[in-house]
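To start, the structure itself, in C-alpha cells.
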C-alpha cells in the first residue's frame with residue numbers, strides 16, 4: 001500500500017480502502033489535502049464513532065426455555081411480591097456493585113419449584129429482564145456420577161444461556177466469556193439444586209462455579225434447594241436471608257384442595273385432613289386426587305391415620321420422628337393404593353420405570369420402553385389424574401414429543417422403596433441401546449438424520465443408561481457390551497453435537513481394568529503395562545510410533561482412543577486430540593487394523609494442517625494412510641479430500657484438482673452414496689475464487705444432499721463455502737444470508753472455530769459494502785472469539801482489518817493500537833498467511849506515516 005501515498009495530495013477514503021492522488025495547481029504542487037468520504041461511509045463514521053466492541057443482542061435465538069407458567073398458585077402472593085420487588089428489582093434499581101442472591105429453601109413437597117416458576121413468569125420480571133431469564137433444571141443430574149456433577153452443571157448452564165462459544169476445554173471460561181460480552185441484567189434459576197450440591201465429592205466444584213457466576217453483578221441467581229444453607233457462603237457468595245419456605249396457610253390449603261377434587265367429596269373433615277398432612281402442597285394434591293368414587297375427605301382422613309400406623313418398622317426407623325417425611329411417604333403410598341390405581345396394578349411398575357429415566361419418558365415411546373405394561377394408555381392417564389406424573393414442555397416443540405415427568409419427591413420414594421423388575425431393566429436398556437446403535441452409524445446409512453434426531457431427543461436417558469453400565473467392577477461380558485454401545489454413541493456424537501465424557505470414561509476404565517489385571521485383582525495376571533503419559537509433544541510422520549511401547553490389552557482400546565481424539569478434533573481441542581490419536585496409533589497394528597490406522601493418520605494429518613500449519617507433515621500422514629490396503633471407500637475419499645485441501649491451502653490449484661479428481665475413480669469402483677456430494681463440496685471450495693458461479697452450483701447441490709441425508713456438519717460447511725463464492729461475485733445479500741445460516745448450524749454443532757470464521761467472513765462482506773461501523777464491530781467480535789480460542793493467527797488477522805478501518809475513519813491512535821497488537825501476534829507465527837499479513841501491515845503503516853507527515857498544522861486543509 002505504500003505506493004498509494006507517495007506524493008499524495010488528495011486522499012479519498014472509499015469503502016475502507018485508501019485511494020490517493022496528487023493535485024496540481026498550475027506549475028506547482030500545493031500542500032492542500034482534501035479528505036473525501038463517500039456519503040454512506042461518512043454517515044457511518046458519525047453514527048459509529050463510539051464503536052469499539054459489538055453490541056450483542058441478548059435475546060435467545062430460540063427463546064427462553066421454562067416450565068409452563070402455572071395458572072393458579074395458592075398462598076404465595078405476598079412472598080412473590082416480596083421476592084420480586086425487594087429481593088430482585090430493588091437490587092438492580094439501586095445500582096449496587098454487589099448482588100445478594102436468593103435461596104428458596106425447604107423440605108420435600110413444599111412448592112419450591114412452583115414458587116420459582118411463579119417468579120420467573122411474573123410480569124414485572126418479564127418486563128425487566130425480557131429474554132435474559134434462564135431456567136436450569138438440575139433434577140436430570142440425579143443419576144450423574146458425583147465427580148461429573150460440576151461439569152454437568154456447566155453444561156446445563158451453557159445450554160440455558162444459549163452460548164455462542166461452548167466447545168473449549170473450560171466450559172466455565174466459555175460462560176464467563178458470554179457474561180463479559182453481555183453486560184445486561186440477567187436472572188437464572190437453578191431448580192432442585194441439592195441434586196448438584198448434595199454429594200460431598202461434587203460440593204466444592206459446584207460451589208466454585210456459583211462463586212464465579214456471582215462475580216458478575218449483572219447476574220442474579222435463584223436456587224431451590226432442600227438444604228438449610230445455601231452454597232458457596234464460605235467462598236464469599238452473599239444470599240438474602242429469606243426464611244425456609246413454610247407450609248400453606250389453612251385458607252390457601254383449602255383453596256388448593258378444592259381446586260383439585262369434586263365438590264361432593266368434601267365434608268366436615270377437610271380442615272382436619274389438611275392439618276393432618278401439615279398443609280404441604282404435594283400431599284394436598286395427592287390426597288385431593290383420591291377423592292374419587294366413594295372417597296370423601298372423611299374416608300381419606302381415616303385411611304391417612306391407618307397409613308401412619310401401618311408404616312413398616314424399618315421405614316419408621318429410617319424416618320425417625322420427622323413428621324413431614326413420614327407424612328410425605330404416607331401420602332405417596334396412599335396415592336399408590338388409591339381407587340384409581342387399584343384397578344391398574346401395572347401403574348406402579350410404569351411409575352418405577354419412569355423413576356429411573358431422569359429425562360422423563362416421551363409418551364410415544366412408552367410402548368417400546370415398557371412392552372410388558374398392559375393397557376398402557378389407561379395406566380398413563382390414571383397416573384396423570386392422580387398427579388403422580390405431569391406433562392412437561394416438549395424440548396422439540398412438537399406435540400407428539402410430549403414428555404411425562406414426576407416430582408422429585410415421588411421419584412426418590414419410588415427408587416428407595418420399589419425395586420425395578422429385572423425384565424423391565426432389560427427392556428429399558430434394549431430400547432436405548434437400539435437408539436444408540438441406529439444413530440451410531442456413519443453418514444450414508446439409511447435414515448441417518450432421522451435416527452440421529454431421535455437419539456438427540458433422548459440423550460439424557462441414553463447417557464444415564466450408559467453410565468450405569470460403564471463401571472470398573474462390571475462383569476467382563478457386560479463391560480464389553482457397554483464399551484461396544486458406548487463407542488457407537490461416541491460415533492453419533494462425532495457427527496452431531498460432540499462431547500467427550502463418554503469416550504474419556506471408556507478409555508479411563510480400560511486403563512484401570514488393565515492395571516487391576518496386572519496386579520492380579522481381576523482374572524489371570526498379565527504382563528504389567530508401561531503406559532506413557534498422553535502428553536506427547538510431537539509425532540514426525542517417518543517416526544516409529546510403536547517402538548518399545550507396550551499397550552493396553554483390550555481389543556477396542558485403539559478405537560476408544562480414536563473416538564476420543566476425533567471428538568476433541570471436532571471441538572477444536574487439538575492438543576488433546578493429538579495426544580489421544582498418537583496413543584491410538586501406538587496401540588494399533590496397521591496390518592490387522594488398516595482402517596483404524598488409516599483413520600488415525602488421517603485425523604492426525606488434519607491436526608498438522610490446521611493446528612500446526614505443517615503442510616509437509618500433513619501430506620506425509622495422508623500418504624501413509626493411503627498405503628494401507630483394505631481401507632473402506634468412504635475413508636479413502638476422506639483422505640483424498642484432505643490431500644486436495646492441503647494443496648489448495650498452498651495455492652497449488654492444479655495439484656489440488658488432480659487429487660480431488662481421484663475421488664471419481666473411487667466412486668466408480670464402489671457404491672458410496674455421498675461420494676458425489678463430497679466431490680462437489682471440495683470442488684466448489686477450490687473453485688470459489690476462480691469460478692464462483694460454478695462453485696455456487698456445486699456447493700448448493702452438496703448442501704441439499706447433506707441436508708437430506710446428513711451429516712449436517714458437511715451441509716453447514718457447504719453453505720459457508722457457498723457464501724464466500726457469493727461474496728466473490730458481489731452478491732452480498734446472499735453471502736450474508738448464507739453465513740448466518742452456517743453460523744447457526746455450527747453453533748448447534750459446537751464448532752467454535754467455524755463460528756469465528758463465519759463472523760470474520762461476515763465482517764469482510766460488510767467492509768466490502770462500505771459499512772465501516774458494522775464491519776469494525778464484527779471484526780472486534782471475531783477477534784474476541786479467536787482470542788478466547790487461543791487462535792493467534794485469526795486474532796491477528798482481525799486486528800489487521802480493524803487497524804485498516806480505524807485508519808480509514810482517521811482514528812489514527814486506535815489504528816496504531818490495533819496495528820501494534822496485530823504485529824505482536826503475527827510476527828511470532830511462521831505460517832505464510834502470517835508473513836504476508838505482517839508485510840501488508842508494515843506497508844500500510846509506512847503509508848500512514850507519510851500521510852501524517854504531510855498533515856502539519858501549517859498545511860491548509862480544505
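In full-length UniProt numbering, the protein residues as written are 1 to 862.
C-beta: ideal position from N, C-alpha, C; glycine also.
- Task: Figure out for me which residue from 445, 456, 506 has the closest Cα to the Cα of residue 470.
- Result: Here residue 470 corresponds to residue number 470 of the chain shown, with the count starting at 1. Nearest to residue 470 by alpha-carbon distance, out of 445, 456, 506, is 506.
- Output the distance between the C-alpha atoms of residue 144 and residue 152, rounded to the nearest integer angstrom. Numbered from its first residue, the chain shown carries residue 144 at position 144. Numbered from its first residue, the chain shown carries residue 152 at position 152. A direct Cα-to-Cα measurement between residue 144 and residue 152 gives close to 8 Å.
- Query: If we ignore side chains and look at the alpha-carbon of each, how far apart do residue 95 and residue 179 end up?
  - Reply: What you label residue 95 is simply residue 95 of the chain shown in a count that begins at 1. What you label residue 179 is simply residue 179 of the chain shown in a count that begins at 1. If I take the Cα positions, the gap works out to 18 Å.
- Under three-state DSSP, which class holds residue 541? For the purposes of this step, residue 541 is taken as the residue at position 541 of the chain shown. With a pLDDT of only 45 at residue 541, under 50, the local geometry of the prediction cannot be trusted, and the value read off the model is given with reservation. Reduced to three states, the DSSP call for residue 541 is coil.
- Task: Could you tell me which of 730, 728, 729, 754 sits nearest to residue 740, measuring between CA atoms?
- Result: Against the chain shown, residue 740 aligns to sequence position 740. The residue with the shortest Cα to Cα distance from residue 740 is 754.
- Task: For residue 440, I'd like the list of residues in its chain whose CB is within less than 7 Å of its CB, leaving aside the five on either flank, ordered along the chain.
- Result: Here residue 440 refers to the residue found at position 440 of the chain shown. Here the set comprises 488, 489, 491, 492.
- Compare the Cα-Cα distances from residue 649 to each of 79, 88, 833, 852 and report the closest residue. Numbered from 1 along the chain shown, position 649 holds the residue referred to as residue 649. Checking every option, the nearest Cα to that of residue 649 belongs to 833.
- Taking the alpha helix (DSSP H) that residue 691 falls in, what are its first and last residues? For the purposes of this step, residue 691 is taken as the residue at position 691 of the chain shown. Element bounds for residue 691: n/a, residue is neither H nor E.
- Task: Specify the secondary structure class of residue 863 as computed by DSSP and reduced to three states.
- Result: Here the chain comprises residues numbered 1 to 862, so residue 863 is not present and cannot be evaluated.
- Ranges of the alpha helix (DSSP H) found wholly within the stretch 612-681, counting only runs of at least 4: Here the runs fully enclosed are 615-626, 633-649, 653-669.
- Message: Quick test of the definition: if touching needs 3 or more C-beta pairs under 8 Å, does the stretch 221-236 touch the stretch 184-195?
- Response: Yes, the stretch 221-236 touches the stretch 184-195.
- Message: Using DSSP's beta-bridge definition, name the partner residues of residue 392.
- Response: Within the chain shown, numbered from 1, the residue matching residue 392 stands at position 392. 403, per the DSSP bridge assignment.
- Query: Nearest-angstrom Cα distance between residue 844 and residue 790?
  - Reply: Locating residue 844 in the chain shown gives position 844, where the first residue counts as 1. Locating residue 790 in the chain shown gives position 790, where the first residue counts as 1. Roughly 26 Å separates the two Cα atoms.
- Give the single residue among 590, 556, 704, 600 whose Cα lies nearest to the Cα of residue 511. Taking the first residue of the chain shown as 1, we reach residue 511 at position 511. The shortest C-alpha separation from residue 511 is found at 556.
- Cα separation between residue 121 and residue 474? Taking the first residue of the chain shown as position 1, residue 121 is located at position 121. Taking the first residue of the chain shown as position 1, residue 474 is located at position 474. Approximately 46 Å, taken between the alpha carbons.
- Message: Please state the DSSP three-state secondary structure of residue 225.
- Response: Sequence index remark: in the chain shown, residue 225 carries index 225 (1-based). Residue 225: strand per DSSP, three-state reduction.
- Mapping DSSP to helix, strand and coil, what is residue 137? The count along the chain shown starts at 1 and reaches residue 137 at position 137. If DSSP states are grouped into helix, strand and coil, residue 137 belongs with the strands.
- Task: Please check the pair residue 922 and residue 699, which I expect to be a contact at CB under 8 Å, by giving their CB distance rounded to whole angstroms.
- Result: Look at the range of the chain in this structure, 1 to 862, and you will see that residue 922 is not part of it.
- If residue 561 and residue 580 are in contact, beta carbons under 8 Å, what's the gap, nearest whole angstrom? Position 561 of the chain shown, counting from 1, holds the residue named residue 561. Position 580 of the chain shown, counting from 1, holds the residue named residue 580. Confirmed, Cβ separation roughly 5 Å.
- Message: Please classify residue 851 as buried or exposed, where buried requires at least 16 neighbouring CB atoms within 10 angstroms.
- Response: As a position in the chain shown, residue 851 is number 851, starting the count at 1. With 16 or more Cβ atoms within 10 Å of its Cβ, residue 851 is classed as buried.
- Message: Under DSSP, the beta strand (DSSP E) around residue 186 begins and ends at which residues?
- Response: To locate residue 186, count along the chain shown from 1; it is residue 186. Run containing residue 186: 186-191, per the beta strand (DSSP E) assignment.
- Using the beta-carbon count (16 or more within 10 Å), is residue 752 buried or exposed? Within the chain shown, numbered from 1, the residue matching residue 752 stands at position 752. Buried, since its Cβ has 16 or more Cβ neighbours within 10 Å.
- Task: Would you grab the beta carbon distance between residue 801 and residue 779 for me? Rounded to a whole angstrom, and I think it's under 8 Å.
- Result: Residue 801 sits at position 801 when you count from the first residue of the chain shown. Residue 779 sits at position 779 when you count from the first residue of the chain shown. About 5 Å separates the two Cβ atoms, so the contact holds.
- Secondary structure at residue 770, three-state DSSP: helix, strand or coil? One-based indexing of the chain shown puts residue 770 at position 770. For residue 770, the secondary structure class from DSSP, reduced to helix, strand or coil, is coil.
- Query: Out of 356, 590, 91, 374, which has the shortest C-alpha to C-alpha gap to residue 217?
  - Reply: As a working note, residue 217 is residue 217 in the chain shown. Comparing Cα-Cα distances from residue 217 to each of 356, 590, 91, 374, the minimum goes to 91.
- Query: residue 283 lies in the alpha helix (DSSP H); which residues open and close that run?
  - Reply: If you number the chain shown from 1, residue 283 lands on position 283. For residue 283, the enclosing alpha helix (DSSP H) covers residues 281-289.
- Extent of the continuous alpha helix (DSSP H) run through residue 910: Given a span of 1 to 862 for the chain in the structure shown, any question on residue 910 remains unanswerable.
- Message: Using a Cβ-Cβ cutoff of less than 7 Å, which residues in the same chain neighbour residue 172 once the five nearest sequence positions on both sides are dropped?
- Response: As a position in the chain shown, residue 172 is number 172, starting the count at 1. Only 154, 209, 212 meet the Cβ criterion.
- Query: Looking at the structure shown, is residue 498 part of a helix, part of a strand, or coil, going by DSSP?
  - Reply: Against the chain shown, residue 498 aligns to sequence position 498. Residue state, collapsed to three classes: coil.
- Task: Identify, in the order they occur along the chain, each residue of the same chain with its Cβ nearer than 7 Å to the Cβ of residue 758, setting aside the five sequence neighbours on each side.
- Result: As a working note, residue 758 is residue 758 in the chain shown. Taken in chain order, the residues that qualify are 720, 739, 742, 743, 746.
- Task: May I ask you to list the residues that DSSP assigns as paired with residue 239?
- Result: In the chain shown, counting from the first residue as 1, residue 239 sits at position 239. Bridge partners of residue 239: 101.
- Task: Using DSSP bridges, identify the partner residues of residue 340.
- Result: By one-based count along the chain shown, residue 340 stands at place 340. The partner list for residue 340 (beta bridge, DSSP) is empty, contrary to what the question assumes.
- Query: Skipping 5 residues on each side, what residues in its chain have a beta carbon closer than 8 Å to that of residue 141?
  - Reply: For this step, residue 141 is matched to residue 141 along the chain shown. Cβ neighbours of residue 141 beyond the five flanking positions: 149, 152, 153, 156, 195, 196, 358.
- With DSSP as the reference, please indicate the residues paired to residue 938 in a beta bridge. No answer is possible for residue 938: it lies beyond the span of the chain, which begins at 1 and ends at 862.
- For residue 262, which of 290, 249, 278 has the nearest alpha-carbon? Along the chain shown, read from residue 1 onward, the residue named residue 262 stands at position 262. For residue 262, the closest of 290, 249, 278 by C-alpha to C-alpha distance is 290.
- What residues match up with residue 361 in a beta bridge as DSSP calls it? Within the chain shown, the letter at position 361 stands for residue 361. DSSP output for residue 361 lists 404 as bridge partner(s).
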